[in-house]
Every structure is written in structure tokens, then in C-alpha cells.
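A.B. asks:
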Ligand SMILES: Cc1cc2nc3c(=O)[nH]c(=O)nc-3n(C[C@H](O)[C@H](O)[C@H](O)COP(=O)(O)O)c2cc1C
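Residue numbers (the numbering used here), protein chains in the order written: chain A, 208 to 625; chain B, 446 to 617.
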């Protein structure tokens with residue numbers, strides 16, 4: 208497949224507007240403005256684009272819900288929090304092709320009737336802030352942002368809002384709270400952001416990669432786009448691969464490429480010629496898979512059928528030397544650190560899990576600890592205010608399911624790590 | 446801090462007006478324009494003050510509250526929620542080393558031990574000469590270059606103990 212989303216990423220200085228323009232940036236704007244907003248929404252629906260932030264919600268449907276709400280003040284928010292451990296994909300667009308994202312946002316804003324947008328950027332991307340602010344300034348200077356864009360009477364203002372170190376702010380309603388200057392804790396739904404989001408106005412929140420697809424959908428038409436990759440969720444997908452592979456990095460491939468092809472063809476296989484032991488297909492909160500799952504297609508539905516999730520497409524690969532208790536410990540520590548404290552099952556559950564894992568890591572595991580871990584997971588499962596808690600128990604449940612022997616060995620031997 | 450919480454739960458309450466430099470005030474006024482209400486400017490205002498003074502403080506929160514006319518309790522709640530607002534000075538250069546999964550698989554823990562020995566400090570402390578401090582991070586989104594760290598705004602990846610030693614020399 209020819210690169211789309213990462214095409215300009217490979218071109219030096221493509222984050223400069225003059226370079227980007229030479230390579231087609233903002234080319235889809237006039238086509239989009241030649242359509243009625245409702246037709247832009249319909250084109251995205253025809254493309255059957257599903258959100259790339261993790262949940263895979265149909266983008267056209269989300270837009271339609273917001274576009275239909277009466278009222279002229281609406282917001283478009285770009286989720287550039289990229290906090291899911293293992294996730295690196297949005298960074299490449301933010302750093303090297305910010306104009307693709309801005310173009311996508313202008314078109315999206317036009318489609319849903321929003322004249323104001325924010326990019327919610329994680330604080331841990333300090334380089335991206337300067338790049339984005341410069342790109343936005345350039346886009347204003349060339350008339351791709353601001354009032355009366357391309358002389359077509361379309362208005363769109365855009366700025367960047369920096370987070371301050373909180374994974375939960377990637378969750379869309381926590382993101383809104385954080386944008387409004389509050390603690391980043393999720394809101395109850397309904398009302399959904401599409402009807403009452405930022406400052407209680409109708410709001411659409413989309414991931415960086417999702418929004419970056421929009422210019423291509425307008426450019427080639429929804430029907431042509433829908434022919435790329437998996438039938439149930441077409442389009443190009445940026446997979447970010449890390450861990451024990453020879454060539455970690457980002458790979459733009461048709462949605463539904465198999466895990467085996469990603470790891471062995473594109474990433475050059477496992478480092479040092481070792482064997483693969485485990486792989487996390489979509490970021491820290493997606494269940495761990497094993498060698499027997501390598502032929503799974505990396506799309507939303509196929510991964511659910513295989514017992515995991517596509518999440519953010521962040522593939523983390525582990526070789527045969529890895530102790531899965533250690534892996535679960537690292538991930539549980541993360542979730543315990545990031546639990547926002549709003550609901551009890553997640554706040555307490557992640558803290559308890561962390562305590563048990565700490566004991567295991569100190570070589571003080573006890574008979575019955577596996578059951579204790581499973582019991583704590585049971586008290587969290589399905590009982591949390593937002594999906595963070597549900598994500599936190601996935602590494603525990605899946606590592607026990609597939610690698611129980613690692614736990615038993617550690618409890619028996621009392622090996623101390625760290 | 447209980448005395449202060451008592452006497453000024455809201456921004457209108459009396460007490461001395463706290464002064465921050467004109468540049469900081471101007472930057473906050475600028476950023477305020479980006480939001481439909483003043484509370485939206487709380488996070489960026491705290492960032493501006495942290496950048497200018499190295500860390501936040503009770504006075505900083507009170508200033509933001511007064512200046513933006515947002516209840517002190519709300520500013521306080523926000524400022525204390527996020528893990529990257531600081532309450533004491535970092536070193537002249539702040540090292541943020543990742544210990545999440547991809548970095549950990551490739552040796553982050555032994556690198557952190559190396560840093561501790563090399564700098565002679567634990568996480569959160571500043572070296573005697575004031576040059577460095579370090580903190581552990583939960584995924585800095587550089588998994589493709591793991592193990593990785595940030596020093597101030599710059600990434601350094603594919604770290605080894607030797608590479609860390611080399612890199613640190615570049616920071617005066
Ligand atoms: C705990 C948590 C963290 C999340 N972090 C992110 C994130 O960093 N980036 C992102 O785009 N979506 C993240 N999401 C998903 C968002 O809530 C939301 O579904 C997404 O931004 C919608 O955009 P999309 O439809 O384009 O995928 C997170 C969700 C949860 C529950």
C-alpha cells in the first residue's frame with residue numbers, strides 16, 4: 208500500500224507550510240468547502256471510518272450526532288494526549304506533518320458546524336508544542352485558519368492546550384474537564400459530548416490519526432477509501448511497534464494486516480533471533496496475546512474475536528526471556544499511578560493490585576496470590592466509572608490466563624527483582 | 446496551609462495582592478484570550494508560572510485565582526491533580542526517564558540505578574551542584590527509541606549507561 212498518512216512525514220521539513228504545500232497540503236479544503244457540510248459528513252460515513260483513539264467509534268455517526276444539535280457554538284477537540292503506554296503514532300504526525308492534522312480539523316469543523324478547535328496535547332511532548340504553534344501561525348498567515356477561509360465564508364480558529372501529566376485526560380470527558388481548567392476526572396454520560404461537551408456546548412472529540420484521515424477521504428471519496436484494508440473498518444492504520452523487535456517504529460499498513468506480518472516482515476523479527484513469548488497488540492490496556500495469536504488480523508473486530516483489542520494499535524513485543532509477572536507489575540504500577548481517584552473500584556483496586564505485585568517482585572509471593580489477584584480484578588470488572596479500571600485489569604487477567612506458570616514459579620522460588 | 450484556606454476560599458476575599466512579574470502577567474492575559482471563560486486559562490497559567498519560577502507554590506495558586514477570578518479551591522484542586530506541576534525546584538536540567546513497559550523491557554531499571562549512582566541522588570532530589578534532578582516517567586511516547594529519557598525538552602533514546610554519561614556531559 209502506498210503511504211497516505213505518513214507520506215509527508217518522510218519528507219524533510221514538511222512541518223513547514225511551504226514544504227507541505229508543495230506536497231499537497233490543504234488540497235482537500237476547497238473540495239470540502241464545495242460540498243454542503245452534511246455531504247462531508249455523509250462522505251465520512253460512506254468511508255466507514257472508525258476512530259483511531261482506541262474505542263473505534265464510527266466517526267461519521269459521531270459527527271452526525273453533533274451536527275444535528277441546533278445552535279451555532281460548537282467545539283472540535285483533537286485528542287493528542289497519546290498517553291496509552293506503547294503509543295507513538297500521533298507523535299509522527301504532530302512533529303513532522305502538523306498541516307495534515309490542521310487541514311483535517313478545518314474540514315471536520317466545517318462538517319459539524321464548529322468554528323473553534325483545540326488540540327489537547329500531552330505535556331510529555333515538549334517539541335510538539337513549538338511545532339504546532341508555528342504551524343498554526345503559518346496556517347493563519349496563509350488564510351487556512353481564521354475568518355473567511357479561502358474566501359468561502361468558513362471560519363475556524365485553532366489553538367493548543369497542554370495537559371500536565373495525566374493519562375486519564377486522554378479519556379474524552381476528562382479531557383474536556385482538563386480543557387476547562389479542572390481536575391481531569393471523567394464526566395457521567397449522558398449527556399454525551401456531542402450534545403453537551405466543552406463548556407456544555409456540542410462537541411466532537413477525535414484522535415489525531417482519525418482527523419488526519421479526513422483530507423484523504425474527501426480527496427479520494429468515501430467509496431474508494433472504504434476499499435482499503437479491512438471491510439469492517441477500512442483505511443490505512445498506523446501501527447506503532449516497540450519492545451523486542453529488530454526495527455521498532457511506526458508502520459502505515461492496511462487495516463487488518465496480521466500481527467505476524469507486522470512483526471516478522473516489517474519489523475525484521477525478534478531481536479537476537481530469539482523466540483516470541485507474548486505481544487500486546489494495542490497498548491497497555493489491551494489483553495496480552497501469545498505466539499498462537501500471530502495470525503490475527505490487526506483490526507477492531509478480529510482482535511476482539513481473538514480476546515484482545517486494537518486499542519491505539521501500539522504493538523509491544525516480548526521475547527522468550529521475559530517474565531510476565533514483571534510485565535504485569537510494570538503495567539499495574541502505571542494504572543495505579545494514573546487512576547484519577549474518582550471511583551472506588553478503580554482507585555482501590557489498582558492500589559491493591561499494585562501492592563500484591565510489589566510483594567511478588569520482592570520475592571514475598573504467597574500461596575493463593577494468584578486467586579487474590581483474580582479476586583481483586585473481579586471487584587473492579589464492570590464496576591468503574593470509566594474504562595480506565597477495566598483497562599487496568601487486562602494485563603493481570605491475560606498474563607495469568609496465558610502465563611500462569613510464571614506466577615507459580617515466582618511464588619515458589621521467591622526470586623527478587625528490582 | 447489551613448490558615449489561608451480559611452481566610453480566602455474565594456478570590457474576592459481580602460489579603461495582600463500577590464505580585465508576579467509583568468512578563469508573567471502579560472503571558473497569562475494573552476493565554477486568557479484563547480478560552481471562552483477564565484477558568485480555561487488555569488492550566489496554561491500554572492505552566493507559565495512554573496516555567497518562570499521553576500515551580501508552583503501556594504502564592505502561585507492564589508495569584509492565578511485572584512487574577513482569573515476563579516475560586517482558590519478550584520485552582521488548588523486543579524494544580525494538585527496533575528503530576529507534572531512541581532512544588533519545589535528541579536535541577537537546572539530536569540531528567541525525565543521512562544520506566545514503562547517498552548523501556549523497561551530494554552533495561553530502564555538498570556539505567557535508573559546507573560543514574561542514581563552517577564548523580565548521587567534519588568528520584569526527585571537535586572544534585573549538590575544544582576545541575577540535575579531526575580524523575581521516573583510513565584511512558585514518554587518514545588517507545589520506538591526505548592529505553593528513552595527527556596532532558597529538559599530534548600529526547601535521548603537507545604540509552605546505555607555509556608550513552609547517558611556522554612549525554613550528561615553536554616549539559617552544563
Ligand atoms: C483511560 C483512557 C485513556 C485514553 N487515552 C486516549 C488518548 O491518549 N488518545 C486518544 O485519542 N484517545 C484516548 N482515549 C479514547 C478517547 O476517550 C476517545 O474515545 C477518543 O479520543 C475518540 O476519538 P476517535 O473517535 O477519533 O478515536 C482514551 C480513553 C480512555 C478510557
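The C-beta atom is built at its ideal place from N, Cα and C for all residues, glycine as well.
In its own chain, which residues sit with a C-beta less than 8 Å from the C-beta of residue 417 of chain B, not counting the 5 before and 5 after it?
C.D. replies: Nothing in the structure corresponds to residue 417 of chain B, since chain B is present only between 446 and 617.
A.B. asks: Of the residues A:249, A:309 and A:265, which one's Cα is nearest the Cα of residue 224 of chain A?
C.D. replies: Closest option to residue 224 of chain A, Cα to Cα, is A:309.
A.B. asks: To the nearest angstrom, report how far apart residue 476 of chain A and residue 590 of chain A are at their CA atoms.
C.D. replies: Each residue's alpha carbon lies about 39 Å from the other.
A.B. asks: Between residue 402 of chain A and the rest of its own chain, which residues show a CB-CB distance below 8 Å, the 5 nearest in sequence each way excluded?
C.D. replies: Excluding residues within five positions, the ones whose Cβ falls inside 8 Å are 272, 273, 276 and 409.
A.B. asks: According to the neighbour-count rule (16 or more other Cβ atoms, all chains shown, within 10 Å of its Cβ), is residue 246 of chain A buried or exposed?
C.D. replies: Classification for residue 246 of chain A: exposed.
A.B. asks: In angstroms, rounded to a whole number, what distance separates the CA positions of residue 502 of chain B and residue 282 of chain A?
C.D. replies: For residue 502 of chain B and residue 282 of chain A, the distance between alpha carbons rounds to 33 Å.
A.B. asks: Got a sec? Which residues, its chain only, sit under 6 Å from residue 606 of chain A by beta carbon, not counting five neighbours each side?
C.D. replies: Answer for residue 606 of chain A: 495, 531 and 535, listed in chain order.
A.B. asks: Can you pull the chain B residues whose beta carbon is under 8 Å from the beta carbon of residue 447 of chain A, in chain order?
C.D. replies: Here the neighbours are 588 and 589.
A.B. asks: What first and last residue would you give for the beta strand (DSSP E) that runs through residue 443 of chain A?
C.D. replies: 443 to 450 is the span of the beta strand (DSSP E), which, as asked, contains residue 443 of chain A.
A.B. asks: To be precise: take each residue of the segment 481 to 494 of chain B, compare its Cβ to all Cβ atoms of chain A, and keep it if any distance is under 9 Å. Which residues remain?
C.D. replies: Per Cβ criterion, the list reads 481, 482, 483, 484, 485, 486, 487, 488, 489, 490, 491 and 492.
A.B. asks: Might you give, ordered along the chain, the residues of its own chain that have their beta carbon closer than 7 Å to the beta carbon of residue 235 of chain A, omitting 5 neighbours on each side?
C.D. replies: For residue 235 of chain A, where only same-chain residues beyond five positions count, the Cβ hits under 7 Å are 310, 314, 422, 425 and 426.
A.B. asks: Keeping to the same chain, check which residues put their C-beta closer than 6 Å to that of residue 324 of chain A; ignore five residues upstream and five downstream.
C.D. replies: 283, 312, 316 and 365.
A.B. asks: Would DSSP call residue 524 of chain A helix, strand or coil?
C.D. replies: Here residue 524 of chain A sits in strand by DSSP.
A.B. asks: Consider the C-beta atom of residue 294 of chain A and the heavy atoms of ligand 1; say whether any pair is separated by less than 8 Å.
C.D. replies: Residue 294 of chain A Cβ: within cutoff of ligand 1.
A.B. asks: Any heavy atom of ligand 1 closer than 8 Å to the Cβ of residue 261 of chain A?
C.D. replies: Yes; taking the cut-off as 8 Å, the Cβ of residue 261 of chain A has a heavy atom of ligand 1 nearer than that.
A.B. asks: Tell me, please, whether the CB atom of residue 515 of chain B is closer than 9 Å to any CB atom in chain A?
C.D. replies: With 9 Å as the cut-off, residue 515 of chain B counts as an interface residue toward chain A.
A.B. asks: As an exercise, report each continuous alpha helix (DSSP H) stretch of at least 4 residues that is fully enclosed by the segment 509 to 582 of chain A, in chain order.
C.D. replies: You should have 531 to 545 and 551 to 568.
A.B. asks: How is residue 353 of chain A classed by DSSP in three states: helix, strand or coil?
C.D. replies: Residue 353 of chain A: strand per DSSP, three-state reduction.
A.B. asks: Does the distance from the CB of residue 545 of chain A to the CB of residue 484 of chain A come in under 9 Å?
C.D. replies: The answer is no: Cβ separation not under 9 Å.
A.B. asks: How do the segment 475 to 494 of chain B and the segment 502 to 511 of chain B stand: do at least 3 beta-carbon pairs fall below 8 Å, yes or no?
C.D. replies: The segment 475 to 494 of chain B is in contact with the segment 502 to 511 of chain B.
A.B. asks: How far does the beta strand (DSSP E) with residue 577 of chain B in it reach, from first residue to last?
C.D. replies: Segment 577 to 582, the beta strand (DSSP E) holding residue 577 of chain B.
A.B. asks: Ignoring anything shorter than 3 residues, give me the beta strand (DSSP E) runs that lie fully in the segment 377 to 415 of chain A, in order along the chain.
C.D. replies: Correct list: 410 to 414.
A.B. asks: I believe residue 506 of chain A touches residue 417 of chain A by the beta-carbon criterion, under 8 Å. Please report the beta-carbon distance rounded to the nearest angstrom.
C.D. replies: About 15 Å separates the two Cβ atoms, so there is no contact after all.
A.B. asks: Tell me the DSSP secondary structure of residue 564 of chain B in three-state form.
C.D. replies: It is helical.
A.B. asks: Is residue 601 of chain A buried or exposed, if buried means 16 or more other CB atoms sit within 10 Å of its CB?
C.D. replies: With 16 or more other Cβ atoms within 10 Å, it is buried.
A.B. asks: Of the residues that make up the segment 400 to 412 of chain A, which ones have a beta carbon closer than 8 Å to any beta carbon in chain B?
C.D. replies: Result list: 406.
A.B. asks: Determine the extent of the beta strand (DSSP E) in which residue 431 of chain A is found, giving its start and end residues.
C.D. replies: Unbroken run through residue 431 of chain A is the alpha helix (DSSP H), 429 to 432; no beta strand (DSSP E).
A.B. asks: Give every residue of the same chain whose Cβ lies closer than 8 Å to the Cβ of residue 515 of chain B, excluding the five residues on either side of it in the sequence, and list them in chain order.
C.D. replies: Excluding sequence neighbours, residue 515 of chain B sits near 456, 483, 484, 487 and 509.
A.B. asks: From residue 557 of chain B to residue 617 of chain B, what does the alpha carbon distance come to, in whole angstroms?
C.D. replies: So the two alpha carbons sit approximately 21 Å from each other.
A.B. asks: Buried or exposed: where does residue 450 of chain B fall if 16 or more other Cβ atoms within 10 Å of its Cβ makes it buried?
C.D. replies: Low per-residue confidence applies at residue 450 of chain B: pLDDT is 36, beneath 50, and the placement is therefore not dependable, though the value from the model is reported in the following sentence. With fewer than 16 Cβ atoms within 10 Å of its Cβ, residue 450 of chain B is classed as exposed.
A.B. asks: Anyone know if the C-beta pair for residue 288 of chain A and residue 382 of chain A falls short of 9 Å?
C.D. replies: Yes, Cβ-Cβ distance for residue 288 of chain A and residue 382 of chain A is below 9 Å.
A.B. asks: When the Cα atoms are used, what is the spatial distance from residue 376 of chain A to residue 431 of chain A?
C.D. replies: Rounded to whole angstroms, residue 376 of chain A to residue 431 of chain A spans 35 Å at the Cα level.
A.B. asks: Output needed in chain order: residues of the segment 535 to 568 of chain B with a Cβ under 8 Å from some Cβ in chain A.
C.D. replies: So the list reads 541, 544, 545, 546, 547, 549, 550, 551 and 554, given in the order they occur along the chain.
A.B. asks: Could you tell me whether any Cβ in chain B is nearer than 9 Å to the Cβ of residue 385 of chain A?
C.D. replies: Output row for residue 385 of chain A: interface = yes.
A.B. asks: Could you check if residue 208 of chain A is buried or exposed, using at least 16 other CB atoms within 10 Å of its CB as the buried criterion?
C.D. replies: So residue 208 of chain A counts as exposed.
A.B. asks: Is any non-hydrogen atom of ligand 1 found closer than 8 Å to the C-beta of residue 459 of chain A, if you look at the structure I gave you?
C.D. replies: Not under cutoff, so the answer is no.
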